[in-house]
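Q: In this note's numbering, the protein residues as written are 555 to 836. Below is one structure. I have some questions about it.
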Ligand code: PMM
């Protein structure tokens, strides 16, 4: 059964919910609500990874996330810490996090893999081609599926060399990271190949720009104001969450271990429908 990782961003500037949960109490309440709604893992992050976002000092990041990690872990949730900084990962594991979610796959901070290895935590290694200020410039692929799977295999080897066995590794193709527009659909079509590498796989499509682009095109194609300014109106969150629930089901069918989402309820219901369809409910 595909699990749900609920997103708890404690940031002023994440692209879809930045600023809403910067206050620790609000973030904790939000995390508990996602847990109650069916999230098996709560992913707490204190640094936005949105394209062009400035880096955050690890001390500031820790001030944001540690109270939230501590409270959610104490409440019995499985917590992952979304960070590229080894120091933050170590502090979060000490505060109760069980998974380190590094969008750079251990590439941003040379201390990360040794630190994770020593901590005993599990680790998400995401496909990454450089910091958010540079990642689109590096989004050139001759064969995206082969390059993403090959680079992820390289991260599994790097983790093993640091003493992290593949059963502690979770791979992620990194939707929106070093991939533009249609390249994200190519990465999703490559999910089965990523799953075939062996470790568990996580995928995060939630509210991402490629979905907004698709839905904008779909509205225009349906003739809803294509020729006027409303054609360029932003796609609202409810539509993005519906599209996210659909991608979550398709990812589940490709065999992923978990999907990382903002709207846990919508994805929980969509996954339940898919399970019933395939005879897995009740
Ligand atoms: N996406 C974001 C942040 N962290 N971690 C993993 N493993 N996979 C992702 O796709 C991912 C991530 C960016 O989204 P957010 O700003 O809404 O959290």
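The beta-carbon is built from N, C-alpha and C at its ideal position, and this holds for glycine as well. Only a predicted model underlies this, so the values are computations on that prediction, with no experimental measurement involved.
Just to confirm, does residue 761 get its C-beta within under 7 Å of one of the non-hydrogen atoms of ligand 1?
A: yes
Q: Would you mind working out which of 641, 680, 737 and 694 sits nearest residue 661, comparing C-alpha positions?
A: 680
Q: Pull the bridge partners of residue 680 from the DSSP assignment, please.
A: 726
Q: Verify the contact flag: residue 728, CB atom, against every heavy atom of ligand 1, threshold strictly below 7 Å.
A: yes
Q: By Cβ distance, which residues of its chain are closer than 8 Å to residue 735, with the 5 residues on each side in sequence left out?
A: 764 and 767
Q: Measure the C-alpha to C-alpha separation of residue 613 and residue 621 and round it to an integer number of angstroms.
A: Cα-Cα distance, rounded: 13 Å.
Q: Let me know if residue 638 comes out buried or exposed under the rule of 16 or more other beta-carbons within 10 Å of its beta-carbon.
A: buried
Q: Is the beta carbon of residue 732 less than 8 Å from the beta carbon of residue 762?
A: no
Q: Pick from 793, 742, 709 and 717: whose alpha carbon is nearest that of residue 698?
A: 742
Q: For residue 718 and residue 644, I'd like the C-alpha separation in whole angstroms.
A: 15 Å
Q: Under 7 Å: does the beta carbon of residue 697 sit that close to some heavy atom of ligand 1?
A: no
Q: Measuring only from the beta carbon, is residue 604 closer than 7 Å to any heavy atom that is part of ligand 1?
A: yes
Q: Which of the three DSSP states is assigned to residue 528 in this structure?
A: With the chain running from 555 to 836 in the structure shown, residue 528 is simply not present.
Q: Please classify residue 753 as buried or exposed, where buried requires at least 16 other C-beta atoms within 10 Å of its C-beta.
A: buried
Q: Residues in its own chain within less than 8 Å of residue 749 by CB, not counting five upstream and five downstream?
A: 755, 808, 809 and 810
Q: In the DSSP output, which residue or residues are listed as bridge partners for residue 653?
A: In DSSP, residue 653 forms a bridge with 634 and 676.
Q: I need the straight-line Cα distance from residue 611 to residue 831, nearest angstrom please.
A: 47 Å
Q: How close, in whole Å, do the beta carbons of residue 657 and residue 708 come, if the pair is a contact with beta carbons under 8 Å?
A: Taking C-beta atoms under 8 Å as the contact rule, residue 657 and residue 708 fail to qualify, at a distance of about 16 Å.
Q: Output the distance between the C-alpha atoms of residue 674 and residue 588, rounded to the nearest integer angstrom.
A: 26 Å
Q: Compute the distance between the beta-carbons of residue 704 and residue 726, then report whether it is under 8 Å.
A: Cβ distance not < 8 Å, so residue 704 and residue 726 don't count as in contact.
Q: How big is the Cα-Cα spacing for residue 603 and residue 696?
A: 25 Å
Q: I'd like to know whether the C-beta atoms of residue 558 and residue 592 end up nearer to each other than 8 Å.
A: Cβ atoms of residue 558 and residue 592: closer than 8 Å.
Q: Is it the case that the CB of residue 706 approaches a heavy atom of ligand 1 more closely than 7 Å?
A: Shortest gap from the CB of residue 706 to any heavy atom of ligand 1: 7 Å or more.
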